[in-house]
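Student:
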Amino acid sequence: MEGSNNSFQDHSKGQKTWNHTTPVIFSPLFDWPPRPKAAFLELTKRWVTLTRPALWLIIAWLIYRFLVPDLTVMQAISFDWIGVIFLRNYLLMVVVAGGLHLYFFTFRAQGKRLKYHHLETHEKSRKFSFRNQVWDNMFWSLASGVTIWSCYEVLYYWGLGNGVIPSFAFVDHPVFFVIWLFVLPVLTSSHFYLIHRLLHWPPLYRSVHGVHHRNIHTGPWSGLSMHPVEHIIYISSVLVHFVIPSHPVILMLHLYMRCLGPSFSHSGFEKLLVKDTKVIDSADFHHQLHHRFFECNYGTADAPWDRWFGSYHDGSDEVTLEVKERRKRMYRKKKSA
386 MEGSNNSFQD HSKGQKTWNH TTPVIFSPLF DWPPRPKAAF LELTKRWVTL
436 TRPALWLIIA WLIYRFLVPD LTVMQAISFD WIGVIFLRNY LLMVVVAGGL
486 HLYFFTFRAQ GKRLKYHHLE THEKSRKFSF RNQVWDNMFW SLASGVTIWS
536 CYEVLYYWGL GNGVIPSFAF VDHPVFFVIW LFVLPVLTSS HFYLIHRLLH
586 WPPLYRSVHG VHHRNIHTGP WSGLSMHPVE HIIYISSVLV HFVIPSHPVI
636 LMLHLYMRCL GPSFSHSGFE KLLVKDTKVI DSADFHHQLH HRFFECNYGT
686 ADAPWDRWFG SYHDGSDEVT LEVKERRKRM YRKKKSA
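Here you go:
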């Protein structure tokens with residue numbers, strides 16, 4: 386199992402807490418000099434092996450095939466079809482985030498194997514709503530996150546049904562469908578980096594993004610636990626489908642990557658194991674470092690924005706010391722101001 390024998394040293398306490406191979410690397414798609422073979426494998430493997438994107442694609446196709454009402458029904462605003470979309474999305478979130486929480490934290494099915502941090506996730510603190518991290522995370526994920534996600538989806542299908550939003554059929558443009566699969570990871574990564582840097586602007590951080598950053602030690606319910614304003618901004622990358630023709634399955638895939646994917650990426654475990662066998666990649670160490678150190682790794686590994694703009698933490702001990710020293714200087718500067 387890759388990464389199972391590698392440790393990240395927490396210099397502040399002398400405890401080995403992280404379980405990951407370093408350095409954390411970016412997609413080879415942007416390597417220079419170019420590596421065409423590696424880039425092609427990176428673009429294709431996520432769709433032809435058991436990965437989270439492939440899982441979301443399968444779920445998106447099944448739901449579109451069997452659980453999406455006819456477009457003629459969605460031409461008029463009606464609780465009949467809107468209620469179905471909301472209920473389905475709430476169930477998806479409960480099954481994915483709730484299932485991962487039960488597996489990793491309630492049943493402790495893989496113990497602490499490949500767990501990034503030795504501390505437990507379930508904090509009881511006044512900083513959380515209800516003074517409980519899990520209840521706080523569930524509330525913001527379900528009451529705000531799924532609601533806003535569903536509103537975007539309802540607006541899309543209403544526009545599609547009324548001919549306001551462009552789309553294409555798979556049988557007419559299969560190549561465009563595949564192109565979207567290749568473009569989507571880079572698109573979402575780029576959008577996330579840009580809006581994430583914006584959310585770390587002090588006024589927005591204090592009033593909005595701080596809700597998400599209550600979670601230093603994250604769990605599956607932490608992923609979509611955000612302020613409603615952040616949900617609107619975070620999910621807004623799907624608006625690209627409102628102006629550029631795509632397929633409804635691509636729209637739903639995009640939503641699942643944004644809204645269900647964080648349950649995995651914030652789980653705190655590098656991989657999901659059944660006994661000693663890796664089933665699927667789970668948490669995202671690149672983003673885990675962001676929750677640990679805050680002023681680094683604003684994007685994802687799918688696009689090297691952090692490397693280009695100097696906010697990259699590769700997980701190494703050396704960079705950790707640099708980040709800690711930089712934070713100390715920042716805090717000293719704030720105190721003296």
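So in the numbering used here, the last one in the sequence shown is 722, and the numbering has no gaps at all. Built from N, CA and C at the ideal position, the CB exists for glycine as well. Values in this document were obtained by computation on a predicted structure and should not be read as measured data.
(1) Under the three-state reduction of DSSP, which class applies to residue 658: helix, strand or coil?
(2) Taking only three categories from DSSP, how would you classify residue 669?
(3) Taking the straight line between their C-alpha atoms, what separation do you get for residue 386 and residue 497?
(4) According to DSSP, is residue 409 part of a helix, a strand, or is it coil?
(5) DSSP three-state label for residue 702, please.
(6) Check whether the segment 446 to 462 touches the segment 646 to 654, counting contact only when three or more Cβ pairs, one atom from each stretch, lie closer than 8 Å.
(7) Quick one: what does DSSP say residue 631 is sitting in, helix, strand or coil?
(8) Relative to the C-alpha of residue 715, which residue among 481, 700 and 680 is closest?
(9) Would you kindly work out how many angstroms separate the C-alpha atoms of residue 389 and residue 677, rounded to a whole number?
(10) What did DSSP end up calling residue 607 once you bin it into helix, strand or coil?
(11) Under 8 Å: do the segment 607 to 623 and the segment 636 to 648 share three or more Cβ pairs, one atom per stretch?
(12) What first and last residue would you give for the alpha helix (DSSP H) that runs through residue 619?
(13) Return yes when the Cβ of residue 470 is within less than 7 Å of the Cβ of residue 427, no when it is not.
(14) May I have a chain-ordered list of the alpha helix (DSSP H) segments no shorter than 4 residues that lie completely inside the segment 487 to 574?
(15) What separation, rounded to the nearest whole angstrom, lies between the Cα atoms of residue 689 and residue 621?
(16) Any idea if residue 586 is buried or exposed, counting beta-carbon neighbours within 10 angstroms, 16 or more meaning buried?
(17) Starting from the Cα of residue 510, find the closest Cα among 626, 574 and 522 and give me that residue.
Tutor: In brief:
(1) Within the sequence shown, residue 658 is the residue found at index 273, counting from 1. Looking at residue 658 - three-state DSSP - the assignment turns out to be strand.
(2) Here residue 669 corresponds to residue number 284 of the sequence shown, with the count starting at 1. Note: residue 669 maps to coil in three-state DSSP.
(3) As a working note, residue 386 is residue 1 in the sequence shown. As a working note, residue 497 is residue 112 in the sequence shown. Residue confidence is low: residue 386 scores 33 on pLDDT, short of 50, so the model does not pin down where it sits. No coordinate-derived value is stated.
(4) Walking along the sequence shown from the start, residue 409 turns up at place 24. Correct three-state label for residue 409: coil.
(5) As a working note, residue 702 is residue 317 in the sequence shown. The three-state secondary structure of residue 702, taken from DSSP, is helix.
(6) The segment 446 to 462 vs the segment 646 to 654: no contact.
(7) Walking along the sequence shown from the start, residue 631 turns up at place 246. Residue 631 carries a strand assignment under DSSP once its states are collapsed to helix, strand and coil.
(8) On the sequence shown, residue 715 is found 330 positions in, with the first residue counted as 1. From the listed residues 481, 700 and 680, the smallest Cα separation to residue 715 is found for 680.
(9) For the purposes of this step, residue 389 is identified with residue 4 of the sequence shown, where counting begins at 1. For the purposes of this step, residue 677 is identified with residue 292 of the sequence shown, where counting begins at 1. Its pLDDT being 35, under 50, residue 389 is placed unreliably by the model, and nothing is read from it.
(10) For the purposes of this step, residue 607 is taken as residue 222 along the sequence shown, with counting starting at 1. Residue 607 falls in the helix class under three-state DSSP.
(11) Because the criterion of three Cβ pairs below 8 Å is met, the segment 607 to 623 and the segment 636 to 648 touch.
(12) Residue mapping note: residue 619 aligns to position 234 of the sequence shown, counting from 1. For residue 619, the uninterrupted alpha helix (DSSP H) run begins and ends at 613 to 620, by DSSP.
(13) For the purposes of this step, residue 427 is taken as residue 42 along the sequence shown, with counting starting at 1. For the purposes of this step, residue 470 is taken as residue 85 along the sequence shown, with counting starting at 1. It is not a contact, given that the beta carbons lie outside the stated cut-off.
(14) DSSP runs (the alpha helix (DSSP H)) wholly in the segment 487 to 574: 518 to 524 and 532 to 546.
(15) Locating residue 689 in the sequence shown gives position 304, where the first residue counts as 1. Locating residue 621 in the sequence shown gives position 236, where the first residue counts as 1. C-alpha of residue 689 to C-alpha of residue 621: approximately 21 Å in a straight line.
(16) Start at 1 with the first residue of the sequence shown, and residue 586 comes out as number 201. Exposed: under 16 other Cβ atoms inside 10 Å.
(17) Along the sequence shown, read from residue 1 onward, the residue named residue 510 stands at position 125. Just measuring C-alpha positions, the residue of 626, 574 and 522 sitting nearest residue 510 is 522.
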